[in-house]
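Structure record follows, encoded as structure tokens.
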Amino acid sequence: MVSTDASSTKAALTDDPMAKVASPDSRKQTSIRLGTVGNPEDMARAAQTIEQIATGWKDRSRAVQMLQALCGLAAVEPDRLKPDLAAENWGFRATDIGEELHRRWPKIPGVNSWADNPETAKAKMNEHWPNLEEIWKRQKLTIKDALRAEGLLVEIALHRDPGGGSGKYTKYGFLIEARTESSDNTSDIDLLRVPQVQYRHQDISGNQLVRWMSDRGLYLGGWGGKVFLSALFLLLVLTIVWFWLVIVAMGASSTAIAFLKLGLVGGLTALIFYSLFAWQLRLVANRVALAPMLLQPWSGNDYLLELRKQNGAKRNTLYLIRYTADCPICAEHGKDSIHVASGRLEFFGRLVGRCDHAPNEHVFSFDHISRKGRFLR
Numbered sequence: 247m248v249s250t251d252a253s254s255t256k257a258a259l260t261d262d263p264m265a266k267v268a269s270p271d272s273r274k275q276t277s278i279r280l281g282t283v284g285n286p287e288d289m290a291r292a293a294q295t296i297e298q299i300a301t302g303w304k305d306r307s308r309a310v311q312m313l314q315a316l317c318g319l320a321a322v323e324p325d326r327l328k329p330d331l332a333a334e335n336w337g338f339r340a341t342d343i344g345e346e347l348h349r350r351w352p353k354i355p356g357v358n359s360w361a362d363n364p365e366t367a368k369a370k371m372n373e374h375w376p377n378l379e380e381i382w383k384r385q386k387l388t389i390k391d392a393l394r395a396e397g398l399l400v401e402i403a404l405h406r407d408p409g410g411g412s413g414k415y416t417k418y419g420f421l422i423e424a425r426t427e428s429s430d431n432t433s434d435i436d437l438l439r440v441p442q443v444q445y446r447h448q449d450i451s452g453n454q455l456v457r458w459m460s461d462r463g464l465y466l467g468g469w470g471g472k473v474f475l476s477a478l479f480l481l482l483v484l485t486i487v488w489f490w491l492v493i494v495a496m497g498a499s500s501t502a503i504a505f506l507k508l509g510l511v512g513g514l515t516a517l518i519f520y521s522l523f524a525w526q527l528r529l530v531a532n533r534v535a536l537a538p539m540l541l542q543p544w545s546g547n548d549y550l551l552e553l554r555k556q557n558g559a560k561r562n563t564l565y566l567i568r569y570t571a572d573c574p575i576c577a578e579h580g581k582d583s584i585h586v587a588s589g590r591l592e593f594f595g596r597l598v599g600r601c602d603h604a605p606n607e608h609v610f611s612f613d614h615i616s617r618k619g620r621f622l623r
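Under our numbering, read the sequence shown as residues 247 to 623, first letter to last.
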């Protein structure tokens with residue numbers, strides 16, 4: 247494989263980092279070290295898991311393709327990402343990634359130069375790497391949940407080993423270290439019934455409003471929240487006035503036919519009102535509810551609105567979220583997805599997890615606090 251841009255190496259950001267530092271004779275270097283390191287098998291499994299979830303993202307940018315290519319390289323050659331390797335041996339060069347891109351997507355414009363020309367590869371990586379870092383940061387929680395679902399209790403970081411010294415090459419890869427569950431983990435909660443499922447965050451794609459409500463949330467104590475609450479209050483008042491007018495008109499109707507027509511209008515209005523505003527009542531009562539149709543994707547109906555109170559905040563913040571889990575019943579290793587949906591009449595007023603393959607038979611409870619679910623039927 248052809249090497250890329252010249253660079254010196256730099257230590258990874260870890261809890262106990264040790265930089266790759268050149269010795270006085272410029273011939274020896276120490277290597278990246280982590281406090282506790284996953285083995286190559288963990289790295290390969292982690293890379294395969296990340297590539298699998300990245301394939302499901304709606305983002306088809308060049309940066310995501312770079313991530314998939316890097317995951318493919320790491321899955322095949324995990325030993326090249328061992329943190330105790332010497333600087334010149336660790337990681338993958340830009341041309342390595344270019345060759346993998348060419349193998350997977352040969353029709354990408356300029357992919358031949360990416361794979362063969364070190365300067366072009368360097369420029370391409372510098373162009374798309376910041377976008378990849380932003381995507382990684384946004385998807386960090388999704389990646390963490392996916393690794394945990396695979397039994398990989400590791401923290402993984404996207405790493406670039408840059409520099410500028412002669413004869414040194416910028417390298418790309420991942421670094422992982424073993425971790426313990428955080429203190430707020432609810433894995434010790436006894437749900438009394440088995441099998442049980444573990445819900446995890448799933449990526450949300452959509453327009454700017456949807457993305458903003460997913461990443462930042464709508465603080466109800468700010469100006470945006472006040473406008474939102476004021477609009478809802480105004481609609482509620484208008485609806486009440488409309489119902490009052492319908493009732494008055496029904497009382498003043500001179501014929502039975504007119505009375506029935508007005509009753510039909512009132513019934514349709516009530517149905518429309520329930521469809522548009524019932525989610526607000528459920529959100530206030532349960533602090534989580536299915537999002538209204540305007541915020542749902544075309545391909546599904548599993549976006550949720552969740553009220554959270556941040557530390558020190560006087561008001562709640564409204565988030566648009568999405569959860570998924572693996573069904574432990576209908577497929578080996580539990581790879582069939584469970585999505586949150588309405589409890590319907592059987593579990594009226596509740597949100598439940600429904601398996602994609604058997605949504606009426608494989609039904610699980612849904613607890614947005616513990617993110618656990620027990621089998622209901």
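Virtual Cβ for every residue (Gly too), placed ideally from N, Cα, C.
Every unbroken beta strand (DSSP E) inside the segment 550-595 [3 residues or more]: Runs found: 550-554, 563-567, 569-573, 582-588.
For glutamate 297 and glycine 318, what's the separation of their Cα atoms in angstroms? Counted from its first residue, the sequence shown places residue 297 at position 51. Counted from its first residue, the sequence shown places residue 318 at position 72. Straight-line Cα distance between these residues: approximately 7 Å.
Closest to leucine 622 by C-alpha separation, out of Val609, Leu553, Leu510, would be which residue? The residue you call residue 622 lines up with position 376 of the sequence shown. Here the closest residue by C-alpha is Val609.
Just to check, is the beta-carbon of isoleucine 503 closer than 6 Å to a non-hydrogen atom of the ligand ATP? The ligand ATP is absent from the structure shown, which contains no ligand whatsoever.
To which residues of the same chain is arginine 617 closer than 8 Å at the C-beta, ignoring the five residues directly before and after it? Along the sequence shown, one-based indexing puts residue 617 at 371. Leaving aside the five residues that flank arginine 617 on each side, the residues in its chain whose CB is nearer than 8 Å to its CB run, in chain order, Thr432, Gln444, Tyr445, Arg446, Tyr569.
Please return the same chain residues whose Cβ sits closer than 7 Å to the Cβ of tryptophan 375, not counting the five positions on each side in sequence. Counted from its first residue, the sequence shown places residue 375 at position 129. Arg406.
Output the residue ranges of the alpha helix (DSSP H) runs that lie fully inside the segment 313-394 and measure 4 residues or longer, sorted by chain position. Within the segment 313-394, the complete alpha helix (DSSP H) runs of at least 4 residues are 340-350, 357-362, 364-384.
Count the CB pairs spanning the segment 516-535 and the segment 543-558 that are closer than 8 Å, and state whether there are at least three. With the cut-off at 8 Å, the segment 516-535 and the segment 543-558 touch.
Would you kindly work out how many angstroms separate the C-alpha atoms of phenylalanine 338 and cysteine 576, rounded to a whole number? Walking along the sequence shown from the start, residue 338 turns up at place 92. Walking along the sequence shown from the start, residue 576 turns up at place 330. Cα to Cα, phenylalanine 338 sits roughly 39 Å from cysteine 576.
Please tell me whether aspartate 449 and threonine 388 are closer than 7 Å, where the distance is taken between their beta carbons. The residue labelled residue 449 in the question sits at position 203 within the sequence shown. The residue labelled residue 388 in the question sits at position 142 within the sequence shown. Closer than 7 Å, so yes.
Sequence-distant residues of its chain with Cβ nearer than 6 Å to alanine 367 (five each side left out): Stepping through the sequence shown from its first residue, residue 367 is reached at position 121. Around alanine 367: Thr250, Ala340, Thr341, Gly344, Trp360.
Would a C-beta distance cut-off of 7 Å place alanine 293 and alanine 333 closer than the cut-off? One-based indexing of the sequence shown puts residue 293 at position 47. One-based indexing of the sequence shown puts residue 333 at position 87. Result no, Cβ atoms of alanine 293 and alanine 333 do not sit closer than 7 Å.
Tell me the rounded alpha-carbon separation between asparagine 562 and asparagine 372. Translated into positions along the sequence shown, residue 562 becomes position 316. Translated into positions along the sequence shown, residue 372 becomes position 126. Looking at the two C-alpha atoms, the distance is approximately 40 Å.
Out of curiosity, what's the CA-to-CA distance linking leucine 510 and alanine 516? Residue mapping note: residue 510 aligns to position 264 of the sequence shown, counting from 1. Residue mapping note: residue 516 aligns to position 270 of the sequence shown, counting from 1. Leucine 510 and alanine 516: Cα-Cα distance of roughly 10 Å.
Which stretch, first to last residue, makes up the beta strand (DSSP E) that contains arginine 600? Residue mapping note: residue 600 aligns to position 354 of the sequence shown, counting from 1. Annotation: the continuous beta strand (DSSP E) that includes arginine 600 extends over 597-601.
Quick check: the Cα distance between alanine 571 and serine 611, rounded to an integer number of angstroms? Residue numbering aside, residue 571 sits at position 325 when the sequence shown is read from its first letter. Residue numbering aside, residue 611 sits at position 365 when the sequence shown is read from its first letter. C-alpha separation (whole angstroms): 12 Å.
According to the neighbour-count rule (16 or more other Cβ atoms, all chains shown, within 10 Å of its Cβ), is proline 355 buried or exposed? In the sequence shown, the residue the question calls residue 355 occupies position 109. By the 10 Å Cβ count, proline 355 comes out exposed.
Do tryptophan 336 and lysine 417 have their C-beta atoms closer together than 7 Å? Along the sequence shown, one-based indexing puts residue 336 at 90. Along the sequence shown, one-based indexing puts residue 417 at 171. The answer is yes: Cβ separation under 7 Å.
Which first and last residues belong to the alpha helix (DSSP H) in which aspartate 288 is found? Counting from 1 along the sequence shown, the entry for residue 288 is found at position 42. First-last of the alpha helix (DSSP H) with aspartate 288: 286-301.
Output the residue ranges of the alpha helix (DSSP H) runs that lie fully inside the segment 464-539 and measure 4 residues or longer, sorted by chain position. Assignment of alpha helix (DSSP H) within the segment 464-539, counting only whole runs of 4 or more residues, yields 469-498, 502-532 in chain order.
Would glutamate 396 pass as a contact of threonine 295 if the rule is Cβ separation under 7 Å? Taking the sequence shown and counting its residues from 1, one reaches residue 396 at position 150. Taking the sequence shown and counting its residues from 1, one reaches residue 295 at position 49. With a cutoff of 7 Å on beta-carbon distance, glutamate 396 and threonine 295 are scored as near each other.
Considering only the beta carbon of each residue, do leucine 564 and leucine 480 sit closer than 7 Å? To locate residue 564, count along the sequence shown from 1; it is residue 318. To locate residue 480, count along the sequence shown from 1; it is residue 234. Result no, Cβ atoms of leucine 564 and leucine 480 do not sit closer than 7 Å.
When you compare the CB positions of proline 324 and alanine 290, do they come within less than 7 Å of one another, or not? Walking along the sequence shown from the start, residue 324 turns up at place 78. Walking along the sequence shown from the start, residue 290 turns up at place 44. At a Cβ-Cβ threshold of 7 Å, proline 324 and alanine 290 count as neighbours.
In whole angstroms, give me the CA-to-CA distance for alanine 502 and glycine 512. Counting from one through the sequence shown, the residue named residue 502 turns up at place 256. Counting from one through the sequence shown, the residue named residue 512 turns up at place 266. So the two alpha carbons sit approximately 15 Å from each other.
DSSP state of serine 433 mapped onto helix, strand, coil: Taking the sequence shown and counting its residues from 1, the one referred to as residue 433 is at position 187. With a pLDDT of 43 at serine 433, under the threshold of 50, the predicted position of this residue should be treated as unreliable, and no value is reported.
To the nearest angstrom, how far is it from the Cα of glutamine 631 to the Cα of tryptophan 469? A query on residue 631 cannot be resolved here, the shown segment of the chain reaching from 247 to 623 and no further.
Out of curiosity, what's the CA-to-CA distance linking leucine 399 and glycine 589? Numbered from 1 along the sequence shown, position 153 holds the residue referred to as residue 399. Numbered from 1 along the sequence shown, position 343 holds the residue referred to as residue 589. Leucine 399 and glycine 589: Cα-Cα distance of roughly 33 Å.
Three-state secondary structure (DSSP) of glutamine 442: One-based indexing of the sequence shown puts residue 442 at position 196. Looking at glutamine 442 - three-state DSSP - the assignment turns out to be strand.
So the alpha helix (DSSP H) serine 460 belongs to, where does it begin and stop? Taking the first residue of the sequence shown as 1, we reach residue 460 at position 214. It spans 454-461 - the alpha helix (DSSP H) in which serine 460 sits, taken as one unbroken run.
Ignore the nearest five residues each way along the sequence and tell me which others in histidine 348's own chain have a CB closer than 6 Å to its CB. As a first step, residue 348 is located in the sequence shown; it is residue number 102 there, counting from the start. Apart from the 5 residues on each side of it in sequence, histidine 348 sits with its Cβ closer than 6 Å to the Cβ of Val357, Ala361 in its chain, given in chain order.
Determine the extent of the beta strand (DSSP E) in which lysine 414 is found, giving its start and end residues. On the sequence shown, position 168 is the one that residue 414 refers to. For lysine 414, there is no enclosing beta strand (DSSP E), as DSSP gives it neither H nor E.
Secondary structure of alanine 604, DSSP reduced to three states: Here the question's residue 604 lines up with position 358 in the sequence shown. In the three-state DSSP reduction, alanine 604 falls in the coil class, being neither helix nor strand.
Classify arginine 406 as helix, strand or coil using the three-state DSSP reduction. Counted from its first residue, the sequence shown places residue 406 at position 160. Note: arginine 406 maps to strand in three-state DSSP.
Taking serine 451 and lysine 304 to be in contact with their CB atoms under 8 Å, please state how far apart those CB atoms are, rounded to whole angstroms. In the sequence shown, the residue the question calls residue 451 occupies position 205. In the sequence shown, the residue the question calls residue 304 occupies position 58. Taking the Cβ atoms as the reference, serine 451 lies roughly 4 Å from lysine 304, within the contact range of under 8 Å.
Whose CA, out of Pro441, Leu508, Glu365, His585, lies closest to the CA of glutamate 489? Numbered from 1 along the sequence shown, position 243 holds the residue referred to as residue 489. In the sequence as presented, glutamate is not what sits at residue 489; that position holds phenylalanine. Cα-wise, what sits closest to phenylalanine 489 is Leu508.
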